[in-house]
Amino acid sequence: MYDVVGIGVGPFNLSLAALVKPTGLRCLFFEDKPNFSWHAGMAFPSARLQVSHLKDCVSLVDPTSPFSFLNFLLQTGRLHAFVNRRSGGVSRNEFGQYYAWVADQLPYLRFGQKVLDVRSETTHFRLSTSQTECRAQHVVLGLGICPDIPDCARPLLGERVYHVAEYLNRPPPAAGERVLLVGAGQSGSEVMEQLLSGPPLKQILWVTPYDNLEPMDDCAFTNEFYTPSYLRHFQTQALSRRREWVQAKRLSSDGVSRDLANQLFSKIYEHRFVENKTASIHLVVSARLDSLRQSDAAFEAVLKCTETAVTRRVAIDRVILATGFVSNTAPFLDGIMQLACTENGLPKIRADCSLESRIALPGKIYLQNRTRIQHGLQNPNLSLVAYRNATIINSIMGKEFYPLNSNRSMLSRLAELREER
Numbered sequence: 000m001y002d003v004v005g006i007g008v009g010p011f012n013l014s015l016a017a018l019v020k021p022t023g024l025r026c027l028f029f030e031d032k033p034n035f036s037w038h039a040g041m042a043f044p045s046a047r048l049q050v051s052h053l054k055d056c057v058s059l060v061d062p063t064s065p066f067s068f069l070n071f072l073l074q075t076g077r078l079h080a081f082v083n084r085r086s087g088g089v090s091r092n093e094f095g096q097y098y099a100w101v102a103d104q105l106p107y108l109r110f111g112q113k114v115l116d117v118r119s120e121t122t123h124f125r126l127s128t129s130q131t132e133c134r135a136q137h138v139v140l141g142l143g144i145c146p147d148i149p150d151c152a153r154p155l156l157g158e159r160v161y162h163v164a165e166y167l168n169r170p171p172p173a174a175g176e177r178v179l180l181v182g183a184g185q186s187g188s189e190v191m192e193q194l195l196s197g198p199p200l201k202q203i204l205w206v207t208p209y210d211n212l213e214p215m216d217d218c219a220f221t222n223e224f225y226t227p228s229y230l231r232h233f234q235t236q237a238l239s240r241r242r243e244w245v246q247a248k249r250l251s252s253d254g255v256s257r258d259l260a261n262q263l264f265s266k267i268y269e270h271r272f273v274e275n276k277t278a279s280i281h282l283v284v285s286a287r288l289d290s291l292r293q294s295d296a297a298f299e300a301v302l303k304c305t306e307t308a309v310t311r312r313v314a315i316d317r318v319i320l321a322t323g324f325v326s327n328t329a330p331f332l333d334g335i336m337q338l339a340c341t342e343n344g345l346p347k348i349r350a351d352c353s354l355e356s357r358i359a360l361p362g363k364i365y366l367q368n369r370t371r372i373q374h375g376l377q378n379p380n381l382s383l384v385a386y387r388n389a390t391i392i393n394s395i396m397g398k399e400f401y402p403l404n405s406n407r408s409m410l411s412r413l414a415e416l417r418e419e420r
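Take the sequence shown: its letter number 211 is residue 210 in numbering that gives the first Met the number 0, and every next letter is one higher.
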């Protein structure tokens, strides 16, 4: 019997596993991958972390933890060199190394084991994996994400049609190829940077459904939306208000970093006007991939305007899909979600990230990363991962093992002001 069993070992449940270590809770974590990996197919040398490196597994709730990014730098002999470097931000490659370093130190992570079933019994949950069974008082779902593939591209996936998540696992584009890049978010922009730095291509069509390349809003005050105090305020709002806010503030989380957007503009400018290269490079706005089919040794893509419905057929040698990600599914997930109380079609999630159930359960089921509307834009990114997991641990232990109310916001609400006389 374990106090808590985690399903999935990505950055979110890895943070939970690290923060559990000093609590004395009996825990186990299952992951069906053979080892820890974090977007390995997108680990471009130039790709940077879009949040502070202090938003690691533990630092924002336990700065003295041995599992902090700073301790990783110390233990790997690079702390002083890291402090002295002048380049901005941390590479995703290095942060992936940090995550793997944390995972190597936690003996209760079980890789290569797929959870097949989760059953609610009288006094506990029973979990069946591809290798074993165990019992748990509480379960934490951290199932992660998988590529969102357009239906028209799915039958053609392979060496020359693939999602950006597989970019580094595929042969790079060869000189003279015609490339269609679908999606102009951060990952699409990073792929564009790779294409412009590689062999000379005959054509690059970069397609986005938006009317421009949309930069991320990353100013200091915007980042106040990604603090514990704002999360607590967000959770008090009506669900309809939360939906509106998530859409309105999308670019505080999902846009392209301004430095990268400016670099791409300069590279395309130099290519088109200064170097007079023959390759055709177009950022096609307000358009989407409507259909795709094999055509002899190449592909025929139909692009459709989102404003006028006008279509254009283009011949393409390679299709790279930067079309985002969706939540992973699992065989047992539908059964769990059928237990949930719902509001406007969404499962009700308590402030401690646990599922509000229609029936009595032997313990709590916590959701790590499927509550974007319920808990805000911070839910799928790294900003509050340590805070969220400390909240889960406090809930499991029934006491404040990790103090969480010390955060003071730079934003004030009218109700907080004292009336002057």
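The beta-carbon is built from N, C-alpha and C at its ideal position, and this holds for glycine as well. Values in this document were obtained by computation on a predicted structure and should not be read as measured data.
- If only uninterrupted alpha helix (DSSP H) runs of at least 4 residues are considered, those enclosed by the segment 145–205 are 185–196.
- In the DSSP assignment, no residue is bridged to valine 245.
- By the Cβ neighbour-count rule, methionine 409 is exposed, with fewer than 16 other Cβ atoms within 10 Å of its own.
- When the beta-carbon positions are compared, leucine 167 and valine 178 stay at least 8 angstroms from each other.
- Put simply, the backbone Cα of alanine 16 is about 23 angstroms away from that of serine 119.
- In the three-state reduction of the DSSP assignment, leucine 126 falls in the strand class, which pools E and B.
- Counting along the chain, alanine 297 sits inside the beta strand (DSSP E) bounded by residues 297–304.
- For valine 82, the number of other beta carbons within 10 angstroms of its own is below 16, and it is reported as exposed.
- Residue state for glutamine 234 is assigned as coil, using DSSP reduced to three classes.
- Note that the C-beta distance between serine 58 and alanine 389 is not below 8 angstroms.
- Within its own chain, the residues whose Cβ lies closer than 6 angstroms to the Cβ of valine 89, once the five positions on either side in sequence are excluded, are Leu48 and His52, listed in chain order.
- Membership of glutamate 93 in the alpha helix (DSSP H) is indicated by the continuous run 91–103.
- Glutamate 306 counts as exposed, since fewer than 16 other beta carbons sit within 10 angstroms of its beta carbon.
- By the C-beta criterion, the segment 31–50 is judged to be in contact with the segment 105–112, since at least 3 inter-stretch pairs fall below 8 angstroms.
- Assigned with DSSP and collapsed to three states, isoleucine 335 falls in helix.
- Distance from glycine 334 to valine 255 at the Cβ level is roughly 39 angstroms; contact not present, criterion being Cβ atoms closer than 8 angstroms.
- For the pair leucine 282 and alanine 260, the Cα-to-Cα distance works out to about 12 angstroms.
- The residues Leu15, Val139, Asp351, Cys352 and Tyr365, in chain order, have a CB closer than 7 angstroms to that of isoleucine 391 in the same chain once the five nearest residues on each side in sequence are set aside.
- In the displayed model, proline 214 falls within a strand according to three-state DSSP.
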